[in-house]
Structures are given as structure tokens and as C-alpha cells.
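Undergrad: In the working numbering, the protein residues as written are 66 to 516. Don't be surprised by glycine CBs; every beta carbon is placed ideally from N, CA and C. Here the structure is a predicted model, which means the values were calculated and not measured.
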Amino acid sequence: MSPHTSSHAYFPARSPYGRSPHVVIAGGGIAGLTTALSLHAAGFERVTVVEAAAAIRPVGAGLNLLPNAVRELDALGLLDALEAGALRTRELRYYHRSGGLISREPRGLGAGYRWPQLSVHRAHLQQVLAGAVRARLGAAALVTGVRVSGVEPLPDGRPRLRLEHRAGAVRGRASLEPDVLVGADGIRSAVRAALHPGEGGPPWNGMLVWRGVSRMPARAVGSFMLIAGDDRQKAVVYPMSRPTGPGREVLVNWALARPADSGCAAAEERRRGDWDRCVPVETFLPFYEGWEFDGVRVPDILRAADSAHEYPMVDREPLDRWTHGRTTLLGDAAHAMYPTGSNGATQSIVDARALAHALARHDDPAEGLAAYEAERRPAMTALQRANRRLGPEVVINLAHERAPDGFTDIHDVVPAAELAAVAGRYATAGAFDADTVNQGSPYEVPLPVIG
Ligand SMILES: Cc1cc2nc3c(=O)[nH]c(=O)nc-3n(C[C@H](O)[C@H](O)[C@H](O)COP(=O)(O)OP(=O)(O)OC[C@H]3O[C@@H](n4cnc5c(N)ncnc54)[C@H](O)[C@@H]3O)c2cc1C
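1) Do A369 and S279 have their CB atoms nearer than 9 Å?
2) Could you check if N318 is buried or exposed, using at least 16 other CB atoms within 10 Å of its CB as the buried criterion?
3) Considering only residues of the stretch 358-424, which uninterrupted beta strand (DSSP E) runs meet the minimum length of 3 residues and lie entirely inside it, listed in chain order?
4) Span of the alpha helix (DSSP H) holding I475?
5) Okay, do the stretch 355-375 and the stretch 408-423 touch, 3+ Cβ pairs below 8 Å being the bar?
6) Using a threshold of 8 Å, is the CB atom of V211 nearer than that to any non-hydrogen atom of ligand 1?
7) Assuming G294 and A300 are in contact, meaning their beta carbons sit under 8 Å apart, how far apart are those beta carbons, in whole angstroms?
8) Do you know how far the Cα of F349 is from the Cα of S184?
9) For R391, is the classification buried or exposed, using 16 other Cβ atoms within 10 angstroms of its Cβ as the cut-off for buried?
10) Just to confirm the assignment, what range does the beta strand (DSSP E) spanning M445 have?
11) Between V274 and ligand 1, is the CB less than 8 Å from at least one heavy atom?
12) Who are N129's beta bridge partners in DSSP?
13) Determine the burial state of V124: buried for a count of at least 16 other Cβ atoms within 10 Å of its Cβ, exposed for fewer.
14) CA-CA distance, A151 and D221?
15) Leaving out five residues before and five after Y178 in sequence, what residues of the same chain have Cβ atoms less than 7 Å from its Cβ?
16) Going by the DSSP bridge assignment, what does R111 pair with across the sheet?
17) What are the boundary residues of the alpha helix (DSSP H) that includes L321?
18) Look at G175 and G396 and say whether their C-beta atoms are less than 9 Å apart.
19) Where does R155 fall in DSSP's three states?
20) Rounded to the nearest angstrom, what separates P345 and A373 at their Cα positions?
21) Mind checking N270: buried by the 16 CB within 10 Å criterion, or exposed?
22) By alpha-carbon positions, which one of A485, V135 and L424 ends up nearest to G108?
23) In the DSSP assignment, find the beta strand (DSSP E) that holds T527 and state where it starts and stops.
24) What did DSSP end up calling E168 once you bin it into helix, strand or coil?
25) Could you check how far apart the C-beta atoms of A439 and A494 are, in whole angstroms? I think they sit under 8 Å.
26) Going straight from the alpha carbon of Y376 to that of R297, what length do you get?
27) Rounded to whole angstroms, what is the Cα-Cα separation between G196 and E432?
28) Less than 8 Å between C-beta atoms, sequence neighbours within five positions excluded: which residues of the same chain meet that for A447?
29) Determine whether the beta carbon atoms of V213 and A117 lie at a separation below 9 Å.
30) Determine the burial state of T154: buried for a count of at least 16 other Cβ atoms within 10 Å of its Cβ, exposed for fewer.
31) So what does W275 bridge to, in DSSP terms?
32) Report yes if the C-beta of I292 is less than 8 Å from at least one heavy atom of ligand 1; otherwise report no.
33) Between the stretch 203-217 and the stretch 243-259, are three or more C-beta pairs nearer than 8 Å?
34) Let me check you understand the geometry: is the CB of I366 closer than 8 Å to at least one non-hydrogen atom of ligand 1?
35) Cβ atoms of A91 and S517: under 9 Å apart, would you say?
36) Under three-state DSSP, which class holds Y160?
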């Protein structure tokens, strides 16, 4: 792209078929790519994803996708491709840090859902989504190396985007005036900043998160997802691929959390903008020595990691408004939440489908965006707040508070009914309980009849 490109270079000509508004999506992450695919499936022909990174890179660690998101990816025809590089999550176990089992619950199909829960490397999911966008919408629909730097409303209600791009040493600026703008540009969204000036950066709760991926013999990992510890120190570990090779090795995702050392808290706070910071495993390994749960030795898994990444644990304050005229927010840009309950990417995928459905059902795009927000914002606000109270993981904290040194029978500490009630309340808050999910996608859009 040359410097000072006019807006025409960015988007395809008006199609005589399908729905005609030009929709620009800021951000080519999980949310933005799924939005493009959902709009295409709903008959929108002029969709452009503008991604700041120079390429869609295979970065990140693992994710768990709940059955409500898997249902929507299935509706988009992506389930087989996704499952080719994913693992069905069949069981979730919560452990006391002393090693005692607090609870175990079946997940996905075993819990009565019609769709599985999937453990998947983010890179695989991202590649499946980006490949489908290019194949279905055309390569030109996904523009990389272009950053949205500002947004302002035009008198007719449409947004004007300011764009910056860089090709080698050449930098350029351009602007675009689409019919609709979707800010799917993540927790540090430029679109959100334009709509909510003065909000500042994401608030930090003082915890650090370390994430990584290890390759281990399957027998050293178990076949379940484990969450262990309490609200001060936690470990999440799960396999996310089927065993391969003579060593029957699997990819294992792990994420750890504990407070930043008090001495360096201020420094950490200043570093909050520093995402994807690579740190040696030795930085945090000593805190997890001795952590072993039904034969899964957490330190062994950490030592096997290629690299480890450190993040501040940040989220976003719930907003009282996502939509301003023909501009809205989606995914982490709208409702970034603490990584609890496997909901961040999951709900971004559901947002994407809800947005396409709402836009398709309203001739006026502003009304469509308002309908999308009315459908999604209340439940996402509830989840953001629930995750600040540990979401479903509150059970590990209850066990720790009531029995800091461990227990003989967990039901003396946290009765079974209380355990079930915590999980049930959380699923209902996010509308991902099995009864609701099994009714099928509410976001299917019949394509317009042509001719
Ligand atoms: C430790 C941890 C564990 C997690 N585990 C899970 C899990 O198990 N299950 C789950 O569902 N979720 C999980 N999540 C959350 C999940 O990763 C996010 O919610 C999800 O990736 C959000 O996707 P997104 O597309 O909205 O944002 P992002 O993935 O941040 O994508 C935003 C995209 O926008 C681009 N961009 C940014 N600014 C601009 C700009 N100005 N112009 C153009 N492009 C821009 C970025 O380059 C990026 O590609 C976890 C998160 C963490 C931190």
C-alpha cells in the first residue's frame, strides 16, 4: 500500500448481490476474524478487516472454547478444521494446593452439551479463521500492517477512521469512511479510546500471569484440565493436542498467577503496557515446587517449556455503552475480563455471530448495532463482574479459606450442593448452560433471495 492512499484502495466495489453496507473491522484477532466470517455468512459482501500487525502471526498459548462458541464455529463450517488441531476437554478438576481434589466435573459432550469444549492452541484457531477469511471473502478482505489511529463521527452518522500503515521504512496515512465500524482491536482498543476518551489503560489488580506451552509425554499430563491453588497463587494446566510420535507427546498449556512482589509492584505497574514479555521459567518456578495433582507434576511441565511470557492481570471496567451511531465494540475491546472460566475468546466468538445477525435483521445499521448491544452487553457485564470475584474458580478459594492445610473429605469443607451451585450460577450468568446452548444457534441468518 502506498503512502497517503485514498480510501478507495481499501475496499471492494459494491456488489450487486447480498447486503451492501461496507463494514470495516478494526483488529484481526479471534473476534475480528470471526466477525468477518459471520458477516459473510449473513450475506454481507463488503467487509474489510484492518489489522495493525504486519502479518497474522502464530503467537500465544492455549485457549479453551466453551460449547457455545464451538456451536457458532460449527455453524460457520469450521468445526472439522478446528478439531483437526484441537483436543476435546472432557473433564475439569479443581485442586487444593496441598494436592487434595476439590471437585471434578465433566465438560462438553460428557456434560450433556451437543457440542464439545475444545482445548486449542491460539495459533491454530487464528490460522483456521484467517484461512477461512481469505478463502471466503478474498485475500483483499484482510489488510495487515494498517493501524486504526483515530475515529470521528461524520455529520451523516458514519465513522471516519484515521489509518496509519508502514511498509519497511515507508509510513503513510489514509482515512476511510465506511458505513459501519466494529472495534475488535483488543484490550487496548483505539476505537474504544476514541469513543471513551479519558478512560486510560486497563486497570491492573496487582497479579502477574505467566503463560507458556510445553511438550510432554501424554502420561505425565493426565487427560483433564486442572485448576489448583487459591486466589493468591494459582495454576491452570491442560493438554491441547492428541499424542504424536514415538514419545506419544502432547502440547500442554499452562497459565500461572500470583501477586507481583511488593518491592517491584510499582515497576510492574509501569510495565503494564509490556505484553508478551519473555521471562526465564526460573523467575516463577520456585513458587510452584512441590505442586503435584494426581500425578501431574507442575514443575516438570514448567521446566519443559520453550519459553514463558509474563503479563499483568488486567481487565476492563464494564461500559454503559458500546455503540455510538454506526460504530460499536466487540470482543476484548468491549468487555475484556480476567482469564477465568474460559470466556474471553469464547464470548468474542458469540459476539461476532450476534453482531452479524443483528445487522442483517435491521435495514438501519445503527439500529442493528443497538440491537447487538442490547443482546450482548448485559450478560458480558455480568461475566466481567463475576470474573473479578473469581468466577467458577471461587471454589478453590472457598476450600483454601475453610481448610488452609488441606482436608480429608472435601464435602466436610465445601458441600457438593455448594460446588454445583457455583458452577450453575456462572453458566447461567453467561447463558452457556447446556439447556440454553442445546437449543441451537439463535444467530443463523437466512440469506437474501436473489433474482
Ligand atoms: C492467561 C489467559 C488465558 C486465557 N484463556 C482463555 C480461555 O481459556 N478461553 C477463552 O475463551 N479466552 C481466554 N483468554 C482470553 C482471550 O485470549 C481473549 O479474550 C481473546 O483473545 C480476545 O480476542 P480479541 O480478538 O477481542 O482481542 P485480541 O486477541 O487482543 O486481538 C486484537 C487484534 O487487534 C489488533 N489491533 C490492536 N490495535 C489495533 C489498531 N489500533 N488497529 C488495528 N488493529 C489493531 C491486534 O494486533 C490483534 O490482532 C485468556 C486470556 C489470558 C490473558
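TA: Inspection of the coordinates gives the following:
1) The answer is yes: Cβ separation under 9 Å.
2) buried
3) 373-379 and 392-394
4) I475 to V478
5) Under the Cβ criterion (8 Å, minimum of three pairs), the stretch 355-375 does not count as touching the stretch 408-423.
6) yes
7) 6 Å
8) 24 Å
9) buried
10) Annotation: M445 is outside any beta strand (DSSP E); the continuous alpha helix (DSSP H) that includes it extends over P430 to R453.
11) V274: yes, Cβ under 8 Å from ligand 1.
12) S184
13) exposed
14) 46 Å
15) P132, A499, V502 and N503
16) Paired residue(s): none; R111 is not in a bridge.
17) In the DSSP assignment, L321 falls outside any alpha helix (DSSP H) and within the unbroken beta strand (DSSP E) covering E314 to P324.
18) no
19) coil
20) One Cα belongs to P345, the other to A373, and the distance between them is close to 6 Å.
21) Exposed.
22) L424
23) Nothing can be reported for residue 527: it is not among the residues displayed for the chain, which extend from 66 to 516.
24) Correcting the residue type first, residue 168 is Ser in the shown sequence and not Glu. DSSP places S168 in strand when its eight states are reduced to three.
25) About 17 Å; that fails the 8 Å criterion.
26) 16 Å
27) 31 Å
28) A494 and G495
29) Taking 9 Å as the Cβ cut-off, V213 and A117 qualify as a contacting pair.
30) buried
31) L321 and E375
32) no
33) yes
34) No, the Cβ of I366 stays beyond 8 Å of every heavy atom of ligand 1.
35) With the chain running from 66 to 516 in the structure shown, residue 517 is simply not present.
36) strand
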